[in-house]
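Quick notes on the structure that follows.
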Ligand SMILES: Nc1nc2c(ncn2[C@@H]2O[C@H](COP(=O)(O)OP(=O)(O)OP(=O)(O)O)[C@@H](O)[C@H]2O)c(=O)[nH]1
Ligand SMILES: [Mg+2]
Ligand SMILES: [Zn+2]
Ligand SMILES: [Zn+2]
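In this note's numbering, the protein residues as written are -17 to 374.
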């Protein structure tokens, strides 16, 4: 495990011994109990203005600490930067931040919602994995703001607001647990996953660039979502009723990729001769609108893998196929940028909804039928060694 930890909520890096604690608020041995108050740091960074017992620093390598004022013991561990309570086992298990980025309207919010829903259901069963929200806020907000509107009301989310209001911009943090083996003994392998639903504009405006830079720099893996319907060569091949983004709003995938590459190089201090080592899953969304134009034998028309290991051969053939499609879509510059700047990248084609939504932003068929929606994350997890993969 790396010695530097990254907060899954604010993406600041720190050492384990710098972890803070929050007083339990229960009376200590002398009968004195600490009162609750507003935590200014938590309010400023995360927009939480409620009352909580005081935060204090102690030896963060320990599971618990004694608060000097009340002498009560506590095991609430906090990020030293934003004062958010850290997930259980934090620092003792792999902590992987997955950054999800893409231009406005590329499909990030829908993708994240469907991906997490799938992870908790079919993908969880497929890999015998359990995926749980790591904190109350994540559990509540995922259900209320993301899952229920899409799955119960069949409505698509409104465009994501820019991250100036910190309350709405807390990442969703989950723990992904699979049964692994270590030294011949079965054990639970836990990975903390943090998803930050960036608003498309965030990548453009200077004031949110710093937060994004930190987010990207701390990420163990990046999912870059690109909308093929914004590419000139693909637009002509799309289903006639697929909603096409308006021309004047278009930010071409290659310019999004360029900007992210720039941010990463700056944030990581990459030397001009070096490649960026963060694995990048380059995923083309909304493929449902293009499937019918693809050749019969295209790997993007066959059924998605179902085995209990990540299917490497299938993933490679999708990668090669998408690379070939890029030429047709007039997107060869994307491949050039990736080849010259990244050491690990892989192409994906997916559809979160499985069909074109209606003009009033509803799920047309009433059922979400995702296709290959988990492939990018599964590839990243297999790159980290968190899930097994087939040879090939
Ligand atoms: N055909 C098709 N369209 C999709 C799919 N997913 C999203 N869309 C369309 O893309 C639009 C934008 O999706 P969002 O998930 O809100 O996009 P976003 O990237 O979060 O957008 P911002 O929050 O504004 O940055 C939706 O309203 C849908 O019309 C899909 O799987 N298939
Ligand atoms: Mg969004
Ligand atoms: Zn933090
Ligand atoms: Zn106390």
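By construction, the Cβ of each residue, glycine as well, lies at the ideal position given by its N, Cα and C atoms.
Reference residue i, options the options, closest by Cα
i: residue 207; options: 13, 355, 162 and -13; result: 355
i: residue 310; options: 275, 361, 289 and 260; result: 275
i: residue 94; options: 142, 372, 117 and 291; result: 142
i: residue 157; options: 168, 167 and 172; result: 172
i: residue 267; options: 290, 87, 56 and 17; result: 87
i: residue 290; options: 369, 236, 332 and 241; result: 369
i: residue 71; options: 121, 1, 22 and 64; result: 1
i: residue -1; options: 358, 45 and 272; result: 45
i: residue 286; options: 111, 300 and 307; result: 300
i: residue 358; options: 13, 213 and 327; result: 327
i: residue 210; options: 221, 201 and 204; result: 221
i: residue 178; options: 194, 362, 103 and 213; result: 194
i: residue 396; options: -4, 35 and 54; result: The chain is shown only over -17 to 374; residue 396 falls outside these bounds and no answer can be derived.
i: residue 223; options: 176, 272 and 245; result: 272
i: residue 307; options: 334, 265 and 292; result: 265
i: residue 261; options: 245, 365 and 19; result: 365
i: residue 313; options: 214, 170 and 333; result: 214
i: residue 137; options: 270, 174 and 91; result: 91
i: residue 269; options: 134, 353 and 241; result: 353
i: residue 43; options: 121, 57, 52 and 53; result: 57
Presumed contact (8 Å Cβ cut-off) between residue i and residue j, rounded CB distance
i: residue 305; j: residue 324; result: That pair is no contact at about 14 Å.
i: residue 124; j: residue 115; result: 6 Å
i: residue 375; j: residue 4; result: In the structure displayed, the chain extends from -17 to 374; residue 375 sits before or after that span and is not available.
i: residue 372; j: residue 294; result: 5 Å
i: residue 77; j: residue -13; result: 6 Å
i: residue 281; j: residue 296; result: 7 Å
i: residue 236; j: residue 319; result: 7 Å
Residue i CB to nearest heavy atom of ligand 4 below 8 Å
i: residue 36; result: yes
i: residue 47; result: no
i: residue 10; result: yes
i: residue 331; result: no
i: residue 87; result: no
i: residue 129; result: no
Closer than 8 Å: residue i CB and nearest ligand 2 heavy atom
i: residue 268; result: no
i: residue 142; result: yes
i: residue 209; result: no
i: residue 265; result: no
i: residue 139; result: yes
Ligand 1 heavy atom lying under 8 Å from the CB of residue i
i: residue 92; result: yes
i: residue 180; result: yes
i: residue 339; result: yes
i: residue 335; result: yes
i: residue 218; result: no
i: residue 283; result: no
Residues around ligand 3, please: the ones whose beta-carbon is closer than 5 Å to some heavy atom of it, in chain order. -11, -9, -8, 61, 63 and 64
Segment contact flag, the stretch -13 to -1 with the stretch 7 to 23, C-beta cutoff 8 Å, min 3 pairs: no
With a cut-off of 8 Å, do at least 3 Cβ pairs link the stretch 70 to 82 to the stretch 18 to 37? Taking 8 Å as the limit for Cβ pairs, the verdict is that the stretch 18 to 37 does not touch the stretch 70 to 82.
Any contact of the stretch 339 to 351 with the stretch 246 to 260, i.e. 3+ C-beta pairs under 8 Å? Two segments are said to touch when three or more pairs of C-beta atoms, one from each, lie closer than 8 Å; by this definition the stretch 339 to 351 does not touch the stretch 246 to 260.
Hey, is the stretch 125 to 140 in contact with the stretch 94 to 102, meaning 3+ C-beta pairs nearer than 8 Å? yes
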